[in-house]
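Novice: Taking my numbering, the leading residue of the sequence shown gets 43, the next gets one more, and so forth.
We treat Cβ as the ideally placed atom computed from N, Cα and C, and that holds for glycine.
Just so we're clear, the structure is a prediction, and the values are computed from it rather than from any experiment.
Have a look at the structure that comes next, please.
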Amino acid sequence: MPTKKPSSTKKNTQETAHDALKKLEEENTRLQQELTEKNDKYLRTLADFQNYQKRMEKEHST
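This is the structure in structure tokens:
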């Protein structure tokens with residue numbers, strides 16, 4: 043005689059899936075923010091280095 047799964051199991055599975063999705067969305071948001079911060083830091087460092095190169099070229103040419 044087959045037994046039916048209780049509807050609470052289906053509900054728990056849906057809640058678990060919803061919780062997992064929410065957790066992934068939060069992680070995605072956090073990683074996007076981290077990427078933005080690291081990209082900004084990279085661009086600032088690159089600009090600093092380019093400015094340094096220009097200063098050195100200017101000093102050597104005078």
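In angstroms, rounded to a whole number, what distance separates the CA positions of residue 73 and residue 80?
Specialist: Here residue 73 corresponds to residue number 31 of the sequence shown, with the count starting at 1. Here residue 80 corresponds to residue number 38 of the sequence shown, with the count starting at 1. Their Cα atoms are separated by approximately 10 angstroms.
Novice: Within the present structure, is the beta-carbon of residue 86 separated from the nearest heavy atom of the ligand ATP by less than 7 angstroms?
Specialist: You won't find the ligand ATP in this model; it holds no ligand whatsoever.
Novice: Go ahead and pull the three-state DSSP assignment for residue 131.
Specialist: Only positions 43 to 104 of the chain appear in the structure, and residue 131 is not among them; the question remains open.
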